[in-house]
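Now the structure itself:
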(Lines of atoms letter the chains of each structure in order from A and count residues from 1; the text may use other names and numbers.)
(Lines give C-alpha, C1' and ligand atoms only; values in the text may rest on other atoms or scores of the structure.)
Protein backbone atom coordinates (compact mmCIF):
# COMPACT_ATOMS: atom_id res chain seq x y z
CA UNK A 1 0.00 0.00 0.00
CA UNK A 2 2.80 2.41 0.82
CA UNK A 3 4.35 1.67 -2.57
CA UNK A 4 1.10 2.55 -4.31
CA UNK A 5 0.82 5.77 -2.34
CA UNK A 6 4.34 6.76 -3.34
CA UNK A 7 3.58 5.99 -6.98
CA UNK A 8 0.39 8.02 -6.88
CA UNK A 9 2.13 10.95 -5.21
CA UNK A 10 5.10 11.14 -7.58
CA UNK A 11 3.43 9.96 -10.79
CA UNK A 12 2.38 13.39 -12.15
CA UNK A 13 5.71 14.99 -11.30
CA UNK A 14 7.69 12.20 -12.89
CA UNK A 15 5.52 12.19 -15.99
CA UNK A 16 5.71 15.99 -16.27
CA UNK A 17 9.51 16.04 -15.99
CA UNK A 18 9.97 13.14 -18.37
CA UNK A 19 7.73 14.73 -21.00
CA UNK A 20 8.30 18.48 -20.68
CA UNK A 21 12.05 18.57 -20.07
CA UNK A 22 12.61 17.19 -23.53
CA UNK A 23 10.43 19.91 -25.01
CA UNK A 24 12.25 22.57 -22.99
CA UNK A 25 15.60 21.35 -24.27
CA UNK A 26 14.41 21.35 -27.90
CA UNK A 27 12.90 24.83 -27.51
CA UNK A 28 16.12 26.06 -25.93
CA UNK A 29 18.10 24.81 -28.89
CA UNK A 30 15.71 26.59 -31.25
CA UNK A 31 16.18 29.86 -29.32
CA UNK A 32 19.96 29.47 -29.50
CA UNK A 33 19.78 28.86 -33.22
CA UNK A 34 17.60 31.92 -33.67
CA UNK A 35 19.95 34.11 -31.62
CA UNK A 36 22.91 32.83 -33.56
CA UNK A 37 21.18 33.71 -36.79
CA UNK A 38 20.73 37.23 -35.48
CA UNK A 39 24.25 37.57 -34.15
CA UNK A 40 26.33 35.84 -36.84
CA UNK A 41 25.93 38.60 -39.45
CA UNK A 42 27.63 41.03 -37.09
CA UNK A 43 30.59 38.72 -36.64
CA UNK A 44 32.14 39.42 -40.07
CA UNK A 45 35.77 39.27 -41.12
CA UNK A 46 36.73 42.87 -41.96
CA UNK A 47 39.75 42.21 -44.26
CA UNK A 48 40.68 44.90 -46.80
CA UNK A 49 40.66 44.06 -50.44
CA UNK A 50 42.47 46.03 -53.12
CA UNK A 51 39.27 47.92 -53.86
CA UNK A 52 38.80 48.77 -50.22
CA UNK A 53 42.33 49.98 -50.01
CA UNK A 54 41.76 52.20 -52.99
CA UNK A 55 38.65 53.63 -51.40
CA UNK A 56 40.36 54.01 -48.05
CA UNK A 57 42.83 56.37 -49.54
CA UNK A 58 40.01 58.71 -50.32
CA UNK A 59 38.53 58.59 -46.82
CA UNK A 60 39.97 60.14 -43.83
CA UNK A 61 42.13 57.51 -42.24
CA UNK A 62 41.36 58.77 -38.75
CA UNK A 63 37.57 58.58 -39.07
CA UNK A 64 37.65 55.13 -40.63
CA UNK A 65 39.93 53.78 -37.92
CA UNK A 66 37.63 55.18 -35.21
CA UNK A 67 34.57 53.51 -36.79
CA UNK A 68 36.33 50.17 -37.12
CA UNK A 69 37.43 50.28 -33.49
CA UNK A 70 33.88 51.02 -32.30
CA UNK A 71 32.42 48.14 -34.35
CA UNK A 72 34.99 45.71 -33.04
CA UNK A 73 34.18 46.66 -29.45
CA UNK A 74 30.44 46.20 -29.93
CA UNK A 75 30.91 42.85 -31.65
CA UNK A 76 33.18 41.55 -28.90
CA UNK A 77 30.65 42.58 -26.24
CA UNK A 78 27.85 40.70 -28.00
CA UNK A 79 30.01 37.64 -28.52
CA UNK A 80 31.12 37.62 -24.88
CA UNK A 81 27.46 37.53 -23.78
CA UNK A 82 26.34 34.75 -26.13
CA UNK A 83 29.33 32.46 -26.56
CA UNK A 84 28.35 30.10 -23.57
CA UNK A 85 24.61 29.86 -24.28
CA UNK A 86 24.89 26.64 -26.28
CA UNK A 87 26.96 24.86 -23.63
CA UNK A 88 24.59 26.06 -20.88
CA UNK A 89 21.59 24.59 -22.67
CA UNK A 90 23.46 21.34 -23.24
CA UNK A 91 24.23 21.20 -19.51
CA UNK A 92 20.57 21.86 -18.80
CA UNK A 93 19.64 18.88 -20.97
CA UNK A 94 22.11 16.69 -19.07
CA UNK A 95 20.64 18.00 -15.82
CA UNK A 96 17.20 16.74 -16.85
CA UNK A 97 18.60 13.26 -17.41
CA UNK A 98 20.27 13.32 -13.96
CA UNK A 99 16.99 14.37 -12.38
CA UNK A 100 15.16 11.53 -14.12
CA UNK A 101 17.76 9.01 -12.96
CA UNK A 102 17.56 10.39 -9.44
CA UNK A 103 13.80 10.01 -9.44
CA UNK A 104 14.10 6.41 -10.61
CA UNK A 105 16.56 5.65 -7.78
CA UNK A 106 14.28 7.29 -5.21
CA UNK A 107 11.31 5.36 -6.49
CA UNK A 108 13.24 2.10 -6.19
CA UNK A 109 14.34 2.96 -2.67
CA UNK A 110 10.81 3.79 -1.55
CA UNK A 111 9.34 0.64 -3.07
CA UNK A 112 11.76 -1.64 -1.18
CA UNK A 113 12.37 0.04 2.17
CA UNK A 114 9.07 1.59 3.23
CA UNK A 115 6.97 -1.67 3.26
CA UNK A 116 9.64 -3.14 5.56
CA UNK A 117 9.13 -0.25 7.97
CA UNK A 118 5.41 -0.95 7.89
CA UNK A 119 6.00 -4.63 8.80
CA UNK A 120 8.23 -3.72 11.72
CA UNK A 121 5.63 -1.33 13.04
CA UNK A 122 2.95 -4.03 12.82
CA UNK A 123 5.07 -6.56 14.73
CA UNK A 124 5.79 -3.98 17.44
CA UNK A 125 2.10 -3.31 17.79
CA UNK A 126 1.28 -7.03 18.08
CA UNK A 127 4.11 -7.47 20.58
CA UNK A 128 2.79 -4.62 22.70
CA UNK A 129 -0.72 -6.06 22.73
CA UNK A 130 0.51 -9.53 23.66
CA UNK A 131 2.64 -8.05 26.44
CA UNK A 132 -0.42 -6.24 27.79
CA UNK A 133 -2.59 -9.35 27.64
CA UNK A 134 -0.05 -11.69 29.25
CA UNK A 135 1.40 -9.36 31.88
CA UNK A 136 -0.20 -11.33 34.70
CA UNK A 137 1.14 -14.59 33.30
CA UNK A 138 4.60 -13.03 33.08
CA UNK A 139 4.45 -12.08 36.76
CA UNK A 140 3.40 -15.64 37.63
CA UNK A 141 6.29 -17.11 35.63
CA UNK A 142 8.80 -14.78 37.28
CA UNK A 143 7.46 -15.83 40.69
CA UNK A 144 7.76 -19.50 39.74
CA UNK A 145 11.33 -18.88 38.60
CA UNK A 146 12.23 -17.39 41.97
CA UNK A 147 10.52 -20.27 43.77
CA UNK A 148 12.48 -22.77 41.67
CA UNK A 149 15.70 -20.97 42.56
CA UNK A 150 14.84 -21.22 46.25
CA UNK A 151 14.01 -24.91 45.89
CA UNK A 152 17.32 -25.49 44.14
CA UNK A 153 19.15 -23.87 47.04
CA UNK A 154 17.16 -26.03 49.47
CA UNK A 155 18.08 -29.13 47.47
CA UNK A 156 21.79 -28.26 47.62
CA UNK A 157 21.45 -27.65 51.35
CA UNK A 158 19.72 -31.02 51.76
CA UNK A 159 22.55 -32.81 49.96
CA UNK A 160 25.22 -31.24 52.18
CA UNK A 161 23.10 -31.84 55.28
CA UNK A 162 22.70 -35.54 54.45
CA UNK A 163 26.45 -35.84 53.80
CA UNK A 164 27.33 -34.29 57.16
CA UNK A 165 24.75 -36.48 58.87
CA UNK A 166 26.20 -39.61 57.26
CA UNK A 167 29.73 -38.75 58.37
CA UNK A 168 28.58 -38.09 61.95
CA UNK A 169 26.70 -41.40 62.09
CA UNK A 170 29.69 -43.22 60.59
CA UNK A 171 32.02 -41.87 63.27
CA UNK A 172 29.69 -42.04 66.28
CA UNK A 173 27.53 -45.12 65.63
CA UNK A 174 29.51 -48.28 64.91
CA UNK A 175 26.37 -50.15 63.82
CA UNK A 176 25.43 -47.50 61.22
CA UNK A 177 25.03 -49.45 57.92
CA UNK A 178 27.50 -52.01 59.26
CA UNK A 179 26.00 -54.98 57.42
CA UNK A 180 28.34 -55.34 54.42
CA UNK A 181 30.68 -58.30 54.03
CA UNK A 182 33.84 -56.74 52.65
CA UNK A 183 37.13 -58.32 51.66
CA UNK A 184 38.64 -57.39 55.03
CA UNK A 185 35.84 -59.37 56.75
CA UNK A 186 36.80 -62.56 54.91
CA UNK A 187 40.48 -61.82 55.48
CA UNK A 188 39.83 -62.03 59.24
CA UNK A 189 37.86 -65.26 58.75
CA UNK A 190 40.64 -66.91 56.71
CA UNK A 191 43.18 -65.90 59.34
CA UNK A 192 41.11 -67.55 62.12
CA UNK A 193 40.67 -70.66 60.01
CA UNK A 194 44.42 -70.97 59.50
CA UNK A 195 44.94 -70.55 63.24
CA UNK A 196 42.48 -73.39 63.99
CA UNK A 197 39.87 -71.17 65.60
CA UNK A 198 36.15 -70.98 64.99
CA UNK A 199 35.44 -69.35 61.64
CA UNK A 200 32.29 -68.27 59.81
CA UNK A 201 32.76 -69.28 56.19
CA UNK A 202 30.39 -70.07 54.66
CA UNK A 203 27.46 -68.08 56.01
CA UNK A 204 24.08 -69.65 55.36
CA UNK A 205 21.25 -67.80 53.68
CA UNK A 206 19.29 -67.91 56.93
CA UNK A 207 22.11 -66.14 58.75
CA UNK A 208 22.35 -63.58 55.97
CA UNK A 209 18.61 -62.86 56.12
CA UNK A 210 18.38 -62.89 59.91
CA UNK A 211 21.20 -60.36 60.31
CA UNK A 212 20.47 -58.35 57.12
CA UNK A 213 23.93 -59.09 55.77
CA UNK A 214 24.86 -58.29 52.19
CA UNK A 215 27.78 -57.62 49.90
CA UNK A 216 28.60 -54.17 48.49
CA UNK A 217 27.10 -55.22 45.13
CA UNK A 218 23.87 -56.69 46.55
CA UNK A 219 20.48 -55.45 45.32
CA UNK A 220 18.89 -52.55 47.23
CA UNK A 221 17.25 -53.27 50.54
CA UNK A 222 13.81 -52.15 51.66
CA UNK A 223 15.33 -49.32 53.68
CA UNK A 224 17.28 -48.11 50.64
CA UNK A 225 14.14 -48.32 48.52
CA UNK A 226 12.22 -46.28 51.09
CA UNK A 227 15.06 -43.74 51.17
CA UNK A 228 14.74 -43.28 47.40
CA UNK A 229 11.20 -41.87 47.70
CA UNK A 230 12.45 -38.37 48.52
CA UNK A 231 14.78 -38.20 45.45
CA UNK A 232 11.91 -39.59 43.40
CA UNK A 233 9.64 -36.79 44.66
CA UNK A 234 12.31 -34.20 43.80
CA UNK A 235 12.77 -35.68 40.35
CA UNK A 236 9.00 -35.79 39.77
CA UNK A 237 8.64 -32.15 40.76
CA UNK A 238 11.49 -31.03 38.49
CA UNK A 239 10.24 -33.20 35.63
CA UNK A 240 6.70 -31.83 35.87
CA UNK A 241 8.05 -28.27 36.10
CA UNK A 242 10.22 -28.77 33.00
CA UNK A 243 7.28 -30.24 31.10
CA UNK A 244 5.09 -27.33 32.21
CA UNK A 245 7.62 -24.75 31.00
CA UNK A 246 7.98 -26.56 27.66
CA UNK A 247 4.19 -26.75 27.37
CA UNK A 248 3.80 -23.02 28.07
CA UNK A 249 6.45 -22.26 25.44
CA UNK A 250 4.60 -24.43 22.93
CA UNK A 251 1.25 -22.78 23.80
CA UNK A 252 2.72 -19.31 23.29
CA UNK A 253 4.10 -20.41 19.94
CA UNK A 254 0.75 -21.81 18.80
CA UNK A 255 -1.16 -18.71 20.00
CA UNK A 256 1.16 -16.27 18.21
CA UNK A 257 1.23 -18.49 15.11
CA UNK A 258 -2.57 -18.64 14.94
CA UNK A 259 -2.82 -14.88 15.49
CA UNK A 260 -0.35 -14.24 12.68
CA UNK A 261 -2.24 -16.58 10.36
CA UNK A 262 -5.54 -14.98 11.30
CA UNK A 263 -4.25 -11.51 10.41
CA UNK A 264 -2.96 -12.70 7.03
CA UNK A 265 -5.23 -10.94 4.54
CA UNK A 266 -5.28 -9.51 1.01
CA UNK A 267 -5.81 -5.76 0.55
CA UNK A 268 -7.13 -4.48 -2.81
CA UNK A 269 -6.81 -0.81 -3.74
CA UNK A 270 -8.15 1.08 -6.77
CA UNK A 271 -7.19 4.68 -7.51
CA UNK A 272 -7.54 7.28 -10.26
CA UNK A 273 -5.58 10.50 -10.69
CA UNK A 274 -6.07 13.50 -12.96
CA UNK A 275 -3.69 16.41 -13.37
CA UNK A 276 -4.05 19.26 -15.88
CA UNK A 277 -1.91 22.37 -16.35
CA UNK A 278 -3.03 24.82 -19.07
CA UNK A 279 -1.69 28.21 -20.16
CA UNK A 280 -3.74 30.80 -22.01
CA UNK A 281 -2.29 33.62 -24.08
CA UNK A 282 -1.32 34.79 -27.56
CA UNK A 283 1.90 35.73 -29.13
CA UNK A 284 5.28 34.23 -29.67
CA UNK A 285 6.27 34.08 -26.00
CA UNK A 286 2.88 32.66 -24.94
CA UNK A 287 3.05 29.95 -27.56
CA UNK A 288 6.58 29.12 -26.51
CA UNK A 289 5.71 28.83 -22.80
CA UNK A 290 2.49 26.94 -23.58
CA UNK A 291 4.34 24.40 -25.63
CA UNK A 292 6.97 23.99 -22.92
CA UNK A 293 4.82 23.86 -19.76
CA UNK A 294 1.27 22.86 -20.70
CA UNK A 295 0.57 19.34 -19.34
CA UNK A 296 -2.39 16.95 -19.03
CA UNK A 297 -2.08 13.71 -16.92
CA UNK A 298 -4.51 10.81 -16.36
CA UNK A 299 -3.69 7.66 -14.28
CA UNK A 300 -5.64 4.56 -13.14
CA UNK A 301 -4.20 1.89 -10.82
CA UNK A 302 -5.56 -1.38 -9.39
CA UNK A 303 -3.34 -3.18 -6.86
CA UNK A 304 -3.79 -6.27 -4.59
CA UNK A 305 -1.30 -6.71 -1.76
CA UNK A 306 -0.92 -9.79 0.52
CA UNK A 307 -0.13 -9.05 4.16
CA UNK A 308 1.39 -12.50 4.74
CA UNK A 309 4.84 -11.32 3.74
CA UNK A 310 4.56 -8.38 6.13
CA UNK A 311 4.16 -10.61 9.23
CA UNK A 312 7.04 -12.29 11.03
CA UNK A 313 6.27 -15.91 11.92
CA UNK A 314 7.12 -16.94 15.51
CA UNK A 315 10.08 -19.23 16.14
CA UNK A 316 9.01 -22.77 16.98
CA UNK A 317 10.35 -24.41 20.17
CA UNK A 318 13.78 -25.98 19.82
CA UNK A 319 13.01 -29.54 20.88
CA UNK A 320 16.57 -30.69 20.24
CA UNK A 321 17.88 -28.08 22.67
CA UNK A 322 15.23 -29.05 25.23
CA UNK A 323 16.12 -32.73 24.95
CA UNK A 324 19.85 -32.05 25.23
CA UNK A 325 19.88 -29.55 28.09
CA UNK A 326 16.67 -30.45 29.99
CA UNK A 327 15.55 -34.04 29.44
CA UNK A 328 19.05 -35.55 29.30
CA UNK A 329 20.15 -34.03 32.67
CA UNK A 330 16.83 -35.12 34.16
CA UNK A 331 17.46 -38.65 32.91
CA UNK A 332 20.94 -38.65 34.47
CA UNK A 333 19.40 -37.34 37.69
CA UNK A 334 16.79 -40.12 37.63
CA UNK A 335 19.42 -42.80 37.17
CA UNK A 336 21.91 -41.52 39.75
CA UNK A 337 19.53 -40.33 42.47
CA UNK A 338 16.54 -42.64 42.12
CA UNK A 339 17.49 -45.89 40.38
CA UNK A 340 21.14 -46.15 41.44
CA UNK A 341 21.04 -43.82 44.43
CA UNK A 342 21.97 -46.68 46.73
CA UNK A 343 25.05 -47.38 44.59
CA UNK A 344 26.26 -43.79 45.03
CA UNK A 345 25.64 -44.08 48.76
CA UNK A 346 27.61 -47.32 49.00
CA UNK A 347 30.47 -45.92 46.95
CA UNK A 348 30.55 -42.92 49.27
CA UNK A 349 30.46 -45.18 52.33
CA UNK A 350 33.22 -47.58 51.24
CA UNK A 351 35.46 -45.66 48.85
CA UNK A 352 35.26 -42.09 50.14
CA UNK A 353 34.55 -42.20 53.87
CA UNK A 354 36.24 -45.59 54.31
CA UNK A 355 39.50 -44.35 52.78
CA UNK A 356 39.40 -41.12 54.78
CA UNK A 357 38.75 -42.85 58.14
CA UNK A 358 40.63 -46.14 57.66
CA UNK A 359 41.00 -47.02 61.34
CA UNK A 360 37.30 -46.47 61.86
CA UNK A 361 36.58 -48.66 58.85
CA UNK A 362 38.65 -51.55 60.26
CA UNK A 363 37.03 -51.16 63.67
CA UNK A 364 33.58 -51.41 62.08
CA UNK A 365 34.53 -54.60 60.20
CA UNK A 366 36.01 -56.20 63.35
CA UNK A 367 32.86 -55.30 65.28
CA UNK A 368 30.68 -56.92 62.60
CA UNK A 369 32.80 -60.06 62.60
CA UNK A 370 32.65 -60.40 66.39
CA UNK A 371 28.91 -59.86 66.25
CA UNK A 372 28.44 -62.61 63.65
CA UNK A 373 30.78 -64.92 65.55
CA UNK A 374 28.68 -64.43 68.67
CA UNK A 375 25.49 -65.07 66.70
CA UNK A 376 26.96 -68.21 65.17
CA UNK A 377 28.16 -69.58 68.53
CA UNK A 378 24.95 -68.73 70.35
CA UNK A 379 22.85 -70.11 67.50
CA UNK A 380 24.70 -73.40 67.56
CA UNK A 381 24.15 -73.69 71.31
CA UNK A 382 20.43 -73.17 70.89
CA UNK A 383 20.33 -75.64 67.98
CA UNK A 384 22.07 -78.33 70.04
CA UNK A 385 19.68 -77.78 72.93
CA UNK A 386 16.73 -78.08 70.57
CA UNK A 387 18.05 -81.31 69.03
CA UNK A 388 18.58 -82.84 72.48
CA UNK A 389 15.03 -81.87 73.43
CA UNK A 390 13.63 -83.42 70.22
CA UNK A 391 15.58 -86.63 70.82
CA UNK A 392 14.44 -86.81 74.42
CA UNK A 393 10.77 -86.34 73.47
CA UNK A 394 11.06 -88.58 70.38
CA UNK A 395 9.80 -85.77 68.22
CA UNK A 396 11.96 -86.78 65.25
CA UNK A 397 10.38 -90.26 65.10
CA UNK A 398 6.85 -88.89 65.28
CA UNK A 399 7.57 -86.39 62.51
CA UNK A 400 8.98 -89.16 60.36
CA UNK A 401 5.88 -91.33 60.93
CA UNK A 402 3.64 -88.34 60.10
CA UNK A 403 5.59 -87.73 56.90
CA UNK A 404 5.28 -91.33 55.74
CA UNK A 405 1.55 -91.36 56.44
CA UNK A 406 0.81 -88.62 53.92
CA UNK A 407 -1.16 -89.32 50.75
CA UNK A 408 1.67 -89.23 48.24
CA UNK A 409 4.42 -90.47 50.56
CA UNK A 410 7.21 -92.36 48.81
CA UNK A 411 5.55 -92.04 45.42
CA UNK A 412 6.64 -90.46 42.18
CA UNK A 413 4.59 -87.38 43.06
CA UNK A 414 6.60 -86.82 46.24
CA UNK A 415 9.85 -87.33 44.36
CA UNK A 416 8.76 -84.82 41.73
CA UNK A 417 7.88 -82.26 44.42
CA UNK A 418 11.20 -82.86 46.17
CA UNK A 419 12.98 -82.31 42.85
CA UNK A 420 11.18 -79.05 42.06
CA UNK A 421 10.91 -77.46 45.51
CA UNK A 422 12.98 -77.13 48.66
CA UNK A 423 11.16 -79.62 50.88
CA UNK A 424 14.10 -80.76 53.02
CA UNK A 425 15.16 -79.02 56.27
CA UNK A 426 18.53 -79.14 58.00
CA UNK A 427 18.08 -80.32 61.60
CA UNK A 428 20.83 -78.04 62.92
CA UNK A 429 20.24 -74.66 61.17
CA UNK A 430 16.60 -75.27 60.16
CA UNK A 431 17.15 -73.92 56.65
CA UNK A 432 15.21 -75.35 53.72
CA UNK A 433 17.20 -77.16 51.02
CA UNK A 434 16.56 -79.53 48.20
CA UNK A 435 16.47 -83.04 49.61
CA UNK A 436 19.09 -84.14 47.13
CA UNK A 437 21.53 -81.67 48.71
CA UNK A 438 21.05 -82.88 52.30
CA UNK A 439 23.02 -85.58 54.11
CA UNK A 440 20.78 -88.15 55.82
CA UNK A 441 21.70 -90.21 58.85
CA UNK A 442 21.30 -93.97 58.41
CA UNK A 443 20.35 -94.53 62.06
CA UNK A 444 17.76 -91.75 62.57
CA UNK A 445 15.51 -89.41 60.54
CA UNK A 446 17.97 -86.51 60.95
CA UNK A 447 19.38 -84.73 57.90
CA UNK A 448 22.03 -82.00 57.73
CA UNK A 449 23.36 -79.52 55.25
CA UNK A 450 26.99 -79.74 54.25
CA UNK A 451 28.04 -76.79 56.46
CA UNK A 452 26.50 -78.16 59.65
CA UNK A 453 27.72 -81.64 58.80
CA UNK A 454 31.30 -80.40 58.55
CA UNK A 455 30.98 -78.41 61.78
CA UNK A 456 29.84 -81.57 63.60
CA UNK A 457 32.93 -83.39 62.32
CA UNK A 458 30.73 -85.56 60.05
CA UNK A 459 28.88 -87.04 63.05
CA UNK A 460 25.11 -87.02 63.64
CA UNK A 461 24.42 -84.90 66.72
CA UNK A 462 20.98 -86.52 67.24
CA UNK A 463 22.56 -89.95 67.49
CA UNK A 464 25.09 -88.62 69.98
CA UNK A 465 22.26 -87.17 72.07
CA UNK A 466 20.34 -90.44 71.85
CA UNK A 467 23.34 -92.36 73.14
CA UNK A 468 23.95 -89.83 75.87
CA UNK A 469 27.31 -88.69 74.51
CA UNK A 470 26.16 -85.06 74.70
CA UNK A 471 24.03 -83.59 77.47
CA UNK A 472 23.02 -80.22 78.85
CA UNK A 473 26.26 -80.10 80.80
CA UNK A 474 28.38 -81.35 77.91
CA UNK A 475 26.98 -79.79 74.78
CA UNK A 476 30.04 -80.39 72.59
CA UNK A 477 32.24 -83.34 72.02
CA UNK A 478 35.80 -84.18 71.17
CA UNK A 479 36.14 -86.20 67.97
CA UNK A 480 39.15 -88.03 69.42
CA UNK A 481 37.05 -89.39 72.28
CA UNK A 482 33.82 -90.10 70.43
CA UNK A 483 33.80 -92.71 67.62
CA UNK A 484 32.16 -91.77 64.37
CA UNK A 485 28.59 -92.87 63.84
CA UNK A 486 27.93 -94.47 60.51
CA UNK A 487 26.45 -91.95 58.06
CA UNK A 488 25.22 -92.50 54.59
CA UNK A 489 24.92 -89.76 52.04
CA UNK A 490 21.73 -89.71 50.09
CA UNK A 491 23.58 -87.57 47.57
CA UNK A 492 26.77 -85.57 47.43
CA UNK A 493 26.47 -82.13 49.09
CA UNK A 494 26.56 -79.06 46.94
CA UNK A 495 28.73 -76.14 47.90
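Residue numbers (this note's numbering): 119 to 613.
Built from N, CA and C at the ideal position, the CB exists for glycine as well.
- For the 9 Å CB-CB criterion, residue 455 and residue 533 do not form a contact.
- Between the alpha carbons of residue 554 and residue 272 lies a distance of about 58 Å.
- In the DSSP assignment, residue 469 is bridged to no other residue.
- In this structure, DSSP gives residue 314 a state outside helix and strand, which the three-state scheme calls coil.
- Secondary structure note for residue 552: it is in no alpha helix (DSSP H), with a DSSP letter that is neither H nor E.
- In this structure, residue 336 lies away from residue 547, with their beta-carbon atoms at least 9 Å apart.
- Annotated three-state conformation of residue 557 is strand, per DSSP.
- Annotation: residue 332 is outside any alpha helix (DSSP H) and is labelled neither H nor E by DSSP.
- With a 10 Å radius around the Cβ and a threshold of 16 neighbouring Cβ atoms, residue 283 comes out exposed.
- Taking residue 536 as reference, the option from 344, 552, 522 and 521 with the minimal CA-CA separation is 552.
- Around the beta carbon of residue 274, a 10 Å sphere encloses fewer than 16 other beta carbons of the protein chains shown; the residue is thus reported as exposed.
- Within the same chain, Cβ atoms closer than 6 Å to the Cβ of residue 506 are found at 583, the five residues on either side in sequence being excluded.
- Across the structure, residue 315 and residue 474 are spaced so that their CA atoms are roughly 32 Å apart.
- Counting only runs of 4 or more residues that sit fully inside the stretch 243-298, the alpha helix (DSSP H) segments are 253-290, in chain order.
- The C-beta separation of residue 487 from residue 435 comes to about 59 Å, leaving the pair out of contact by the 8 Å criterion.
- Per DSSP, residue 433 lies in no alpha helix (DSSP H) segment and is marked neither H nor E.
- Residue 325 and residue 258 have their C-alpha atoms roughly 58 Å apart.
- Taking residue 286 as reference, the option from 550, 467, 586 and 493 with the minimal CA-CA separation is 467.
- Taken through DSSP and simplified to helix, strand or coil, residue 566 comes out as strand.
- Secondary structure note for residue 443: it is in no alpha helix (DSSP H), with a DSSP letter that is neither H nor E.
- The C-beta of residue 303 has 16 or more other C-beta atoms within 10 Å across all chains shown, which makes the residue buried.
- In terms of Cα proximity to residue 429, the closest of 308, 565, 378 and 569 is 378.
- In the displayed model, residue 576 falls within coil according to three-state DSSP, outside both helix and strand.
- Measuring C-alpha to C-alpha distances from residue 462 to each of 569, 368 and 342 identifies 342 as the nearest.
- Each of 502, 481, 572 and 528 was checked against the Cα of residue 594, and the nearest Cα belongs to 502.
- Sorting 567, 279 and 349 by C-alpha distance to the C-alpha of residue 550 places 567 at the top.
- DSSP places residue 536 in the uninterrupted alpha helix (DSSP H) bounded by 530-538.
- Within the stretch 484-513, complete alpha helix (DSSP H) segments of at least 4 residues are not found at all.
- Residue 493 is positioned such that its CB atom lies no closer than 9 Å to that of residue 306.
- Cβ-Cβ distances below 8 Å link residue 431 to 375 and 378 in the same chain, with the five nearest sequence neighbours on each side left out; the list follows chain order.
- One Cα belongs to residue 444, the other to residue 363, and the distance between them is close to 11 Å.
- Per the DSSP secondary-structure output, residue 543 pairs in a beta bridge with 550.
- Around the beta carbon of residue 498, 16 or more other beta carbons lie within 10 angstroms, which makes this residue buried.
- DSSP places residue 343 in the uninterrupted alpha helix (DSSP H) bounded by 340-345.
- Closest by C-alpha distance to residue 457, out of 295, 346 and 564, is 346.
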